[in-house]
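Numbering (our numbering), first residue to last: 1222 to 1398.
Glycine included, each C-beta is placed from N, C-alpha and C at the ideal position.
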Amino acid sequence: MSEGGNSRTDNLPNPEQRAIVGVVVGAHGRYGEVKVKSFSDNDERFFPSNKMIICDTIFEITKSRNHKGLVLIKFMGVDDPSLAQRLIGSNLEVPMADIPDLPQGFFYHFEILGLAVVDKQMGLIGQVVDILNTGSNDVYVVDYSGKEILIPAIKSVILAVDVKNHLITVDLPNGLV
1222 MSEGGNSRTD NLPNPEQRAI VGVVVGAHGR YGEVKVKSFS DNDERFFPSN KMIICDTIFE
1282 ITKSRNHKGL VLIKFMGVDD PSLAQRLIGS NLEVPMADIP DLPQGFFYHF EILGLAVVDK
1342 QMGLIGQVVD ILNTGSNDVY VVDYSGKEIL IPAIKSVILA VDVKNHLITV DLPNGLV
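Written out as structure tokens, the structure is:
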């Protein structure tokens, strides 16, 4: 999909040099807008004129607005619902160079999603499949043999996060599993 101002290019950073900042979860309206679940806490990330990498193609944002907990985005060249439908399930990525460093001990959601979770008593529990923002702290949604476990991201529960080895070590409170 490279029509209308979006460009496919060989100069894109490798996938491992990109950060996922959202995912297209639906199409909206008759003008090609998409519904995006944001993984970014940068309020300016989805402003008009910003660019996203979707399926190795650069897309420019022409309009965006918040709507029912999602971001509605209009990309240049995506002008009808059928084109928007093709993007459903696609990740929105930006080069890692565009992501500021966080202080020691803090992590972006894209760094946490997909990590294996190991409890110090039970061993391997599962994988982080989603992150809920509750206001006071994040909650990691972990797939535990097809069931969801909600693990609060607080110091007394999260013992260590090792992004390089794709591992989170936890000490689950009694009764959580």
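inquiry  = So, for Glu1254: in the same chain, excluding its five sequence neighbours on each side, which residues have a beta-carbon less than 6 Å away from its beta-carbon?
reply    = Leu1293, Lys1295
ask   = Out of curiosity, what's the CA-to-CA distance linking Ile1282 and Gln1238?
value = One Cα belongs to Ile1282, the other to Gln1238, and the distance between them is close to 21 Å.
query = For the 8 Å Cβ check, are there 3 or more pairs between the stretch 1308-1324 and the stretch 1235-1252?
reply = yes
message = Using C-beta distances below 6 Å, list every residue in its chain close to Val1299, excluding the 5 sequence neighbours before and after it, in chain order.
response = Gly1253, Ala1305
ask   = Quick one: what's Arg1239 bridged to in DSSP?
value = Pro1316
key: Nearest to Lys1368 (by Cα), restricted to the options Leu1380, Thr1390, Val1398   = Val1398
query = Ordered along the chain, which non-local residues of its own chain (more than five positions away) have a Cβ less than 8 Å from that of Ile1309?
reply = Val1245, Val1246, Gly1247, Ala1248, Val1255
key: Distance CB(Phe1260)-CB(Lys1272) smaller than 8 Å   = no
inquiry  = Extract the residue ranges of the alpha helix (DSSP H) inside the stretch 1292-1346, only unbroken runs of 4 or more that lie entirely within it.
reply    = 1302-1307, 1330-1333
ask   = How long is the line joining the alpha carbons of Arg1266 and Ile1274, rounded to whole angstroms?
value = Rounded to whole angstroms, Arg1266 to Ile1274 spans 13 Å at the Cα level.
Minimum C-alpha distance to Gly1396 - residue among His1387, Ser1311, Ile1372, Leu1323 = Ile1372
key: Selection from Pro1324, Leu1393, Val1384 that minimises the alpha carbon distance to Val1378   = Leu1393
request  = Drop a sphere of 10 angstroms on the beta-carbon of Ala1381, count the other beta-carbons inside from all chains shown, and report buried for 16 or more, exposed for fewer.
outcome  = exposed
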